[in-house]
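Here this note's numbering runs 3 ahead of the position in the sequence shown, where the first position is 1.
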Amino acid sequence: MNRSSGSRRVLVTGGAGFLGSHLCERLLSDGHEVLCVDNFYTGRKANVLHLMDNRYFELVRHDITVPLHVEVDEIFNLACPASPIHYQLYPVQTALTSIQGAIHMLNLANRLKIKVLQASTSEVYGDPQVHPQTESYWGNVNPIGLRSCYDEGKRCAETLFFDYHRQHGLRIKVARIFNTYGPRMLPNDGRVVSNFILQALQGQDITLYGDGNQTRSFCFVSDQVEALVRLMNSPDDFTGPVNLGNPEEVTIRGLAERIIQLTESKSALVFKPLPHDDPHRRQPDISLARKILAWEPGVRLDEGLKRTIEYFRRCV
Ligand code: NAD
Ligand code: UDP
């Protein structure tokens, strides 16, 4: 592809992960150069192997809890394990990645006077008492629970982003990402979509935690990537935080039933204990994203699940 005058050198931390690899792909196809940085904790070279022949793509093994000295034009900071199993395995490392990692990316952006986007999360709302969640809601988060390393780490990262913005005039973008799914999710990361699809395809019992009446809202990865790109390209005075997700809310039991139907599986539903601090309801209010980014998700849940099932069929 020819580089246009609008071509930028973009750093994607966590670029070998699920969301990051799709973002790298998109940025390259938009004509940008991509520097993908990852410590391969939950990311895989296999996710970006198809990009290695592209001369505008570079892959660097690096942990963002250590400072990084590179010359780039903008930063997407996605590095951080996203699945509860992985972020709870080394909780101190999770908090460090969110906080120390954010400081390093903010310092880099500040030195280079460039824009930096933070992949924050709906987890900043904790177990929300406001429904659906709007960006003005401050959340209901347990500061000392099993999920706190992630939730509080991400909340602190948001604080740091806004303090760098206020103190140094840094151009920031904060995305509050709601549950996102699609091809390249790790089969063993314990997230609900990958667990249920694999269980259904392998004829195993489908494990519902709790009574299955808790809700989530699932966004297909291509919609999420489109939103992140639009946010990065939005006017400088728009910092966010902005909710990015699909407002179609489903119960976890309903999700299991749809997956059983789409895979034509004979799997049975079994009930397991609900993990600590598991949020009861989650649904983004995306009015702000609709207004400022002219964005809303286009891939319906059944369609996204079909594409994800196809991917996992090739994995099993
Ligand atoms: P993922 O685990 O697939 O990707 C995270 C990537 O970051 C991995 O490649 C991992 O190896 C890398 N990483 C972790 N710690 C690192 C470190 N210290 N230094 C360098 N690299 C490191 O998860 P994902 O679903 O792709 O999530 C990407 C980002 O989006 C994360 O910041 C996550 O918190 C956020 N997010 C994701 C979701 C979702 O549903 N997928 C929801 C909310 C927020
Ligand atoms: N969940 C479940 N069975 C599983 C995995 C997850 O019932 O095998 C539930 C989990 O308790 C939560 C929801 O599905 O209520 C979403 O879990 P996930 O870990 O994917 O994301 P998060 O809780 O971070 O939204």
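Even for Gly, the Cβ is constructed at its ideal location relative to N, Cα and C.
When the Cα atoms are used, what is the spatial distance from Leu38 to Asp214?
Position 35 of the sequence shown, counted from the first residue, corresponds to residue 38. Position 211 of the sequence shown, counted from the first residue, corresponds to residue 214. One C-alpha to the other measures close to 44 Å.
Three or more C-beta pairs closer than 8 Å, one from the region 75-86 and one from the region 111-128: is that the case here?
Between the region 75-86 and the region 111-128, the count of Cβ pairs shorter than 8 Å is three or higher; the stretches touch.
Nearer than 7 Å: is that true of the beta carbon of Gly148 relative to any heavy atom of the ligand NAD?
As a position in the sequence shown, residue 148 is number 145, starting the count at 1. Checking every heavy atom of the ligand NAD against the Cβ of Gly148, none is found closer than 7 Å.
Helix, strand or coil, according to DSSP, for Lys294 in the structure here?
As a first step, residue 294 must be located in the sequence shown, where it is residue number 291. Helix at Lys294.
Are Asn249 and Gln136 closer than 8 Å when you measure CB to CB?
The residue given as residue 249 occupies position 246 in the sequence shown. The residue given as residue 136 occupies position 133 in the sequence shown. Contact: no.
In terms of alpha-carbon separation, which member of Gln207, Asp66, Ser86, Asp130 lies closest to Thr100?
Translated into positions along the sequence shown, residue 100 becomes position 97. Checking every option, the nearest Cα to that of Thr100 belongs to Asp66.
In whole angstroms, what is the alpha-carbon distance linking Met4 and Ala82?
For this step, residue 4 is matched to residue 1 along the sequence shown. For this step, residue 82 is matched to residue 79 along the sequence shown. Below a pLDDT of 50, predicted positions are generally treated as unreliable, and Met4, at 46, falls in that range; the measurement from the model is reported next regardless. Rounded to whole angstroms, Met4 to Ala82 spans 28 Å at the Cα level.
Bounding residues of the beta strand (DSSP E) (the contiguous stretch that carries Ile255):
Against the sequence shown, residue 255 aligns to sequence position 252. It is not in any beta strand (DSSP E) - Ile255 instead sits in the alpha helix (DSSP H) that spans 255-266.
Please classify Trp298: is it buried, with 16 or more other beta-carbons within 10 angstroms of its beta-carbon, or exposed?
As a working note, residue 298 is residue 295 in the sequence shown. Buried: at least 16 other Cβ atoms inside 10 Å.
Could you tell me whether the Cβ atoms of Ile209 and Leu272 are closer together than 8 Å?
Within the sequence shown, the letter at position 206 stands for residue 209. Within the sequence shown, the letter at position 269 stands for residue 272. Going by C-beta atoms, Ile209 is nearer than 8 Å to Leu272.
Buried or exposed, going by whether 16 or more other CB atoms sit within 10 Å of the CB of Gly9?
Numbered from 1 along the sequence shown, position 6 holds the residue referred to as residue 9. With a 10 Å radius around the Cβ and a threshold of 16 neighbouring Cβ atoms, Gly9 comes out exposed.
Assuming the contact rule is C-beta atoms closer than 8 Å, Leu326 and Lys309 should be a hit. Round their C-beta distance to whole Å, please.
One cannot answer for residue 326 here, as it falls past the ends of the chain, which runs 4 to 319.
Check for me: the beta strand (DSSP E) holding Gln217 runs from which residue to which?
Translated into positions along the sequence shown, residue 217 becomes position 214. DSSP places Gln217 outside any beta strand (DSSP E), giving it a letter other than H or E.
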